[in-house]
Every structure is written in C-alpha cells, then in structure tokens.
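Inspection log for the structure reproduced underneath, given as structure tokens.
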Amino acid sequence: AELWQSVPLAPPDSIFKLTATYKADTFPQKVNLGVGAYRDDDNKPWVLPVIKKATQILLNDDKLDHEYLPITGLPEFTSAAAKLILGANSPAIAEGRVSSVQTISGTGANHLGALFLSRFYGWDAEKKVYLSNPTWANHQAIFRNVGIEPVDYPYYDPTTIGLDYKGFIKSLETAPPRSVFLLHACAHNPTGVDPTQEQWKAIADVMLAKNHYAFFDCAYQGFASGDLDNDAWAVRHFVDRAVPMLVCQSFAKNAGLYGERVGALHVVAPSAEGANRVKSQLSVLQRSEISNPPSHGARLVSLVLNDPGLFEEWKRDIRTMAGRIIEMRKELHRLLTEELKNPRNWDHILNQIGMFSFTGISPDQSKALIEKAHIYLTANGRISMAGLNSHNVRYFAENLDKVTR
Ligand code: PLP
Numbered sequence: 138a139e140l141w142q143s144v145p146l147a148p149p150d151s152i153f154k155l156t157a158t159y160k161a162d163t164f165p166q167k168v169n170l171g172v173g174a175y176r177d178d179d180n181k182p183w184v185l186p187v188i189k190k191a192t193q194i195l196l197n198d199d200k201l202d203h204e205y206l207p208i209t210g211l212p213e214f215t216s217a218a219a220k221l222i223l224g225a226n227s228p229a230i231a232e233g234r235v236s237s238v239q240t241i242s243g244t245g246a247n248h249l250g251a252l253f254l255s256r257f258y259g260w261d262a263e264k265k266v267y268l269s270n271p272t273w274a275n276h277q278a279i280f281r282n283v284g285i286e287p288v289d290y291p292y293y294d295p296t297t298i299g300l301d302y303k304g305f306i307k308s309l310e311t312a313p314p315r316s317v318f319l320l321h322a323c324a325h326n327p328t329g330v331d332p333t334q335e336q337w338k339a340i341a342d343v344m345l346a347k348n349h350y351a352f353f354d355c356a357y358q359g360f361a362s363g364d365l366d367n368d369a370w371a372v373r374h375f376v377d378r379a380v381p382m383l384v385c386q387s388f389a390k391n392a393g394l395y396g397e398r399v400g401a402l403h404v405v406a407p408s409a410e411g412a413n414r415v416k417s418q419l420s421v422l423q424r425s426e427i428s429n430p431p432s433h434g435a436r437l438v439s440l441v442l443n444d445p446g447l448f449e450e451w452k453r454d455i456r457t458m459a460g461r462i463i464e465m466r467k468e469l470h471r472l473l474t475e476e477l478k479n480p481r482n483w484d485h486i487l488n489q490i491g492m493f494s495f496t497g498i499s500p501d502q503s504k505a506l507i508e509k510a511h512i513y514l515t516a517n518g519r520i521s522m523a524g525l526n527s528h529n530v531r532y533f534a535e536n537l538d539k540v541t542r
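According to the numbering used here, the stretch in the sequence shown is residues 138 to 542, in order.
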C-alpha cells in the first residue's frame, strides 16, 4: 500500500474553518463573531500603542542580537511575568518557591504544565485531568497528547445561563483525593461565566480538604475586568491558601501579541528546594521540545513590565480594550431589551465577562444567523464580543432578536 494511506483525514479546526468561510463571504454586512482576538471599533486588529513604543525601543537598541535565549527563557521576562500574575509582593516569590519558565504562549504553557505533571505528579492511579464542561477546545487534545485522560466536571448550567456551582462543588468533593482540576483563572472560555470571590473561596476549601491540584489557565488577565490585579484574584487567593498549583500565562490577548507566542508557566512549590527541582526538570523537558523560546515578544513584554512608565501605559491600553467590550455588552443588552423588546432575559450578556459571551441560543438558531444573516459564530452559541462594534451591533441585535422570537 502507498505510504500514509492508513492516515485518517482529520477535520479542519472548527474556529479556523469558520474564519475562512467568513473571509470568503462577499456580503457587505457580514459579521465575524467567531474570532478569539480583539478588534477595534472598525473591526481592525489593534497593535497596542505601548507595544509600538516598545518595538521602537528595541529597534533603536544596537546591543541586541539574535543569540539564543536561555532554555527557560529571558530571565527579566519570567521574573516580571511571575510578579504580574502572583502579585509584586507575593510571599511565594520572595521565598523562592516559584519556578517560572517562558513558553510558546498560553498553549505552550498548558502543554509544558501537562507534560510535567504527566511525568512527575506521582499519580496514585490512572492519569486524569478534570476539565470544565465546556472548556477551551484545545484542552482535551493538549492533555491527551501527554497521556492524561480528560474528564468533565459540571460548570455551565444552561437553565440559568450561569455557573452550575453545586455541580462543580460536588464534583470536587467526589473526585478521588489528589485529582488535578483545570481552572480558568478569569474570563472563562467559552462561557464568560466566572465564580464569584465567595465561590472561589469555597472551591479552595474543597481543593485543600481533598488535596487536589489546581492547574490554572490564565489567558485573559486584565482583559476581563480591565484591571490586572482584579483578574488575578483567584490565582493569588489559591497561593495564599497554599493550594498545590501551577499557572499558565498568556500575553496573546492582554498585550495583543497573538502571533509572537509570549507566555510563561509558573509552578508554585511548597519550598525553594522543591521549586529548584521542578525548574531543573522543566528545563530538561523544554530542551527536547523547543530548545529555547523565541526572544522578540518576550523582550517587548519585559520592557513593558519592567518600566514603570510603560507599565502604566499598558494598563491604559488594557482598559481601552476591556472598556470597549464592556460597552458592547451594554449596548447589545440595551438594543435587545429596550429597543427591540425581545421577550427573553438577556442579563447574562451583562454579567458574563471577557472576550466571549454564551448567548444561550440553540445550534439551529446559530445556524440561522450564519445562513440568513451572514453572522458567523460557533454552533454552541458563543459570540466574541470583540467582533461587535458601533457599526454592526444593531444589525446583530436585530437578527438575534429575529431568530429568538
Ligand atoms: N487558554 C485559553 C482558555 C484560551 O482561550 C486561549 C486562547 O484562546 C489559550 C489558553 C492560549 O492561547 P495562546 O496560546 O494564543 O496564548
């Protein structure tokens, strides 16, 4: 038989396919609500002004070269990134208990974290990870790739279009001790539904009682509420409470550096000695996978994080992005309820947080939006708020109104 004949043809990635269909559509009022990237009010990608400034600084620096970075990344980037997520005054950092490694954005951090756990967690039985139902579509594949079987925990309640808090807690209580739970640090993808601080505290209580491991994925720090510290609250609370944990960090969304692949993995250990052991093995794993991470994006983020002036400017840029998204939530809600007098309750659009909103519409209604109105969204009814702007929000609201009556 011909070589590769037994290779099954894989289906295209659904999100990337949606984007391709949108691009091929010639309808003038078409709308893309599938994309997980920020767009400005004219539906254009936005290079953050602070990143433009940092790029210029790098261009003017004659001392820079294209040598390899260390295996674990640019040290001034990883140390500043750790402070950003864990807090500038984090006792865990001061005590040397955090192992930080630069990764290929958030995806690479998830992969390296999963690979590390697969090798070294000291599994009592079968390797399993508990993932929220639903979750970012890539999580399943990332864990399966390293021999960890994904299992669902209840998260989203379609009847309330909110958190299935009871189901979540029950799953934490009934899972075997030392189970690994993946938690979205903020701005849950795809639902936009986050636990409240009180709920996070109760989740930490159960995780401690059962000695579970928290695998935090933080892809939207600052992007959710517009405030970096606010969006890191759950992660910092878990560190304070000494829940065993790691955190995956991405600068794709909050710095608009999608294609530059800037991220980090931070493993918080019980002691500095433990952290050293962890870091030594992360370094071994990283060496065989990517040798060393790319330098350009890490240099940009390092400049922004380590310069007080640039850092303040970045915070303003983040507030611009988060603010526009929050405005779109308000406007969509206003149009649906006040102007169009749609009979459904749309309060979840206001209460959800971050880039995405779960509208609560059915797969058939999503399909009708695509086919009748050229509005592209995933079948689960998730919309990217970043795809809405002052020019198309009314068109979207009118069509959403039509398909839900
Ligand atoms: N984790 C979640 C929940 C995400 O939504 C994303 C991006 O969509 C990522 C991780 C990783 O993205 P990246 O690899 O671009 O940083």
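From the three backbone atoms N, C-alpha and C, an ideal C-beta is built for every residue, glycine too. Bear in mind that the values here come from a model prediction, so they are computed numbers and not experimental data.
For residue i and residue j, what's the separation of their Cα atoms in angstroms?
i: V184; j: P313; result: 46 Å
i: L309; j: P287; result: 15 Å
i: D354; j: E139; result: 42 Å
i: F164; j: L477; result: 24 Å
i: Q547; j: L402; result: Since the displayed the chain opens at 138 and closes at 542, residue 547 lies outside it and no answer follows.
i: F375; j: A369; result: 10 Å
i: F388; j: I222; result: 11 Å
i: R542; j: L487; result: 20 Å
i: V172; j: K200; result: 38 Å
i: I230; j: K220; result: 8 Å
i: E508; j: L155; result: 12 Å
i: S151; j: R466; result: 25 Å
i: V168; j: N529; result: 7 Å
i: R281; j: P145; result: 18 Å
For the beta strand (DSSP E) containing residue i, name the first residue and the last one.
i: D364; result: Premise fails: D364 is in no beta strand (DSSP E) and is neither H nor E.
i: K265; result: 265-270
i: V399; result: 399-405
i: Y350; result: 350-355
i: I241; result: 235-241
i: S316; result: Per DSSP, S316 belongs to no beta strand (DSSP E) and is neither H nor E.
i: I298; result: Unbroken run through I298: none, as it is neither H nor E.
Compute every distance between the C-beta of residue i and the non-hydrogen atoms of the ligand PLP, then say whether any falls below 7 Å.
i: G243; result: yes
i: H560; result: Past the boundaries of the shown model lies residue 560; the chain is included only from 138 to 542, so the question cannot be answered.
i: N536; result: no
i: G400; result: yes
i: S387; result: yes
i: H433; result: no
i: H374; result: no
i: W273; result: yes
i: E321; result: A small fix is needed here, since residue 321 is His in this sequence, not Glu. H321 Cβ: within cutoff of the ligand PLP.
Could you pull the start and end residues of the alpha helix (DSSP H) that residue i belongs to?
i: A174; result: Taken as a continuous stretch (DSSP letters only), A174 belongs to no alpha helix (DSSP H), as it is neither H nor E.
i: R373; result: 370-377
i: L223; result: 212-223
i: I427; result: 409-427
i: F153; result: 151-161
i: R531; result: 530-540
Which class does residue i belong to by DSSP, given the choice of helix, strand or coil?
i: H248; result: helix
i: V184; result: coil
i: V283; result: coil
i: S439; result: helix
i: H470; result: helix
i: M382; result: strand
i: A459; result: helix
i: I507; result: helix
i: I486; result: helix
i: S521; result: strand
i: V168; result: strand
Could you tell me if the beta carbon of residue i falls within a distance shorter than 7 Å of some heavy atom in the ligand NAP?
i: D354; result: Absent from the structure shown: the ligand NAP. Ligands present: the ligand PLP.
Nearest chain B C-beta to residue i closer than 8 Å, yes or no?
i: I188; result: Protein chain content of the structure displayed is limited to a single chain, and chain B is not contained in it.
(message) I'd like to know if the region 392-399 and the region 240-247 are in contact, where contact means that at least 3 CB-CB pairs between them fall below 8 Å.
(response) When Cβ pairs closer than 8 Å are counted between the two stretches, the region 392-399 is seen to touch the region 240-247, the count reaching three or more.
(message) Count Cβ pairs between the region 305-320 and the region 331-350 that sit closer than 8 Å; are there 3 or more?
(response) Under the three-pair Cβ rule at 8 Å, the region 305-320 counts as touching the region 331-350.
(request) Would you check if the region 400-416 and the region 185-197 touch, i.e. whether three or more CB-CB distances between them fall below 8 Å? (result) No, because fewer than three Cβ pairs between the region 185-197 and the region 400-416 fall closer than 8 Å, the two stretches do not touch.
(request) Inspect the CB distances between the region 172-192 and the region 448-460 and report whether three or more fall short of 8 Å. (result) Below 8 Å, enough C-beta pairs join the region 172-192 and the region 448-460 to call them touching: three or more.
(request) Specify whether the region 422-439 and the region 209-216 touch according to this definition: at least 3 beta carbon pairs, one from each stretch, less than 8 Å apart. (result) Counting Cβ pairs under 8 Å, three or more are found: they touch.
(message) Taking contact to mean 3 or more Cβ pairs, one atom from each stretch, closer than 8 Å, check whether the region 287-297 and the region 253-270 are in contact.
(response) Yes, the region 287-297 touches the region 253-270.
(request) Answer yes if the region 356-373 comes into contact with the region 456-465, meaning at least three C-beta pairs across the two stretches below 8 Å, and no otherwise. (result) Yes, the region 456-465 is in contact with the region 356-373.
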